[in-house]
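Asks:
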Amino acid sequence: MAECVFCSIVAGATPADVVLEEDDLVAFLDTRPVFKGHVLLVPRDHVVTLPDLPAGLRDGFLAAAQRLATAMVDGLGAQGSFVAINNVVSQSVPHLHLHVVPRTKGDGLRGFFWPRTKYAAGEPADYAARLRKALTR
Numbered sequence: 000m001a002e003c004v005f006c007s008i009v010a011g012a013t014p015a016d017v018v019l020e021e022d023d024l025v026a027f028l029d030t031r032p033v034f035k036g037h038v039l040l041v042p043r044d045h046v047v048t049l050p051d052l053p054a055g056l057r058d059g060f061l062a063a064a065q066r067l068a069t070a071m072v073d074g075l076g077a078q079g080s081f082v083a084i085n086n087v088v089s090q091s092v093p094h095l096h097l098h099v100v101p102r103t104k105g106d107g108l109r110g111f112f113w114p115r116t117k118y119a120a121g122e123p124a125d126y127a128a129r130l131r132k133a134l135t136r
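Its first residue numbered 0, the sequence shown is counted upward by one per residue in the numbering used here.
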């Protein structure tokens with residue numbers, strides 16, 4: 000997709016600080032990092048969300064994410080990492096990208112996600128059953 004900035008990075012038309020290149024994947028530094036070293040992992044092919052990722056790419060994608068998470072510790076001296084994927088909501092670029100952010104205890108990252116809510120009586124079991132059903136289709 001010509002208008003996709005991540006496709007442009009993958010094609011080499013838009014400069015990026017590439018961290019990892021594999022046949023099917025590319026990882027590069029986020030230009031607006033949460034913390035220095037924040038990496039985005041993308042499939043080379045234009046895939047919009049995680050549910051759209053072809054089965055043949057899943058293992059390689061997750062293996063690369065594991066390697067990047069390890070690199071946060073080994074290469075940057077982080078104590079750990081934060082790994083996340085947004086699907087549609089809060090997805091700033093409509094091309095699947097996995098964030099790997101270096102973390103250190105006391106780094107100040109709080110409330111990064113969504114507000115909390117509570118279940119009414121009986122709702123947890125209902126939601127769990129609906130999800131289990133959806134997973135067996």
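Here a beta-carbon is modelled for each residue, glycine too, at the ideal position from N, C-alpha and C.
Taking 8 Å as the cut-off, does the segment 78-90 touch the segment 13-29 (at least 3 CB pairs, one atom from each stretch)?
Replies: Not touching, per the Cβ criterion.
Asks: Specify the secondary structure class of L95 as computed by DSSP and reduced to three states.
Replies: As a working mapping, residue 95 is identified with position 96 in the sequence shown. Coil, per DSSP.
Asks: With burial defined as no fewer than 16 other Cβ atoms inside 10 Å of the residue's Cβ, what is the status of G36: buried or exposed?
Replies: Indexing the sequence shown from 1 puts residue 36 at position 37. Buried, since its Cβ has 16 or more Cβ neighbours within 10 Å.
Asks: Once DSSP output is grouped into helix, strand and coil, what is the label at E122?
Replies: Sequence index remark: in the sequence shown, residue 122 carries index 123 (1-based). DSSP places E122 in helix when its eight states are reduced to three.
Asks: DSSP state of S89, grouped into three classes?
Replies: Here the question's residue 89 lines up with position 90 in the sequence shown. Note: S89 maps to coil in three-state DSSP.
Asks: Return helix, strand or coil for F27, following the three-state DSSP convention.
Replies: The residue labelled residue 27 in the question sits at position 28 within the sequence shown. In the structure shown, F27 sits in a strand (DSSP, three-state: E or B).
Asks: Evaluate A26 with the Cβ neighbour count: other Cβ atoms within 10 Å of its Cβ, from every protein chain shown; 16 or more gives buried, anything less gives exposed.
Replies: By 1-based counting over the sequence shown, the position of residue 26 is 27. A26 should be labelled buried.
Asks: Would you mind sorting P101 into buried or exposed? The rule is 16 or more other CB atoms within 10 Å of its CB.
Replies: Mapped onto the sequence shown, residue 101 falls at position 102. Under this definition P101 is a buried residue.
Asks: Would you decide whether A64 is buried or exposed? Buried here means 16 or more other CB atoms lie within 10 Å of its CB.
Replies: Counting from 1 along the sequence shown, the entry for residue 64 is found at position 65. Under this definition A64 is a buried residue.
Asks: What's the gap between the Cα of H98 and the Cα of G107?
Replies: Position 99 of the sequence shown, counted from the first residue, corresponds to residue 98. Position 108 of the sequence shown, counted from the first residue, corresponds to residue 107. Whole-angstrom Cα-Cα distance: 18 Å.
Asks: Can you give me the start and stop residues for the beta strand (DSSP E) that F81 sits inside?
Replies: Stepping through the sequence shown from its first residue, residue 81 is reached at position 82. Run containing F81: G79 to I84, per the beta strand (DSSP E) assignment.
Asks: Please classify G74: is it buried, with 16 or more other beta-carbons within 10 angstroms of its beta-carbon, or exposed?
Replies: The count along the sequence shown starts at 1 and reaches residue 74 at position 75. Under this definition G74 is an exposed residue.
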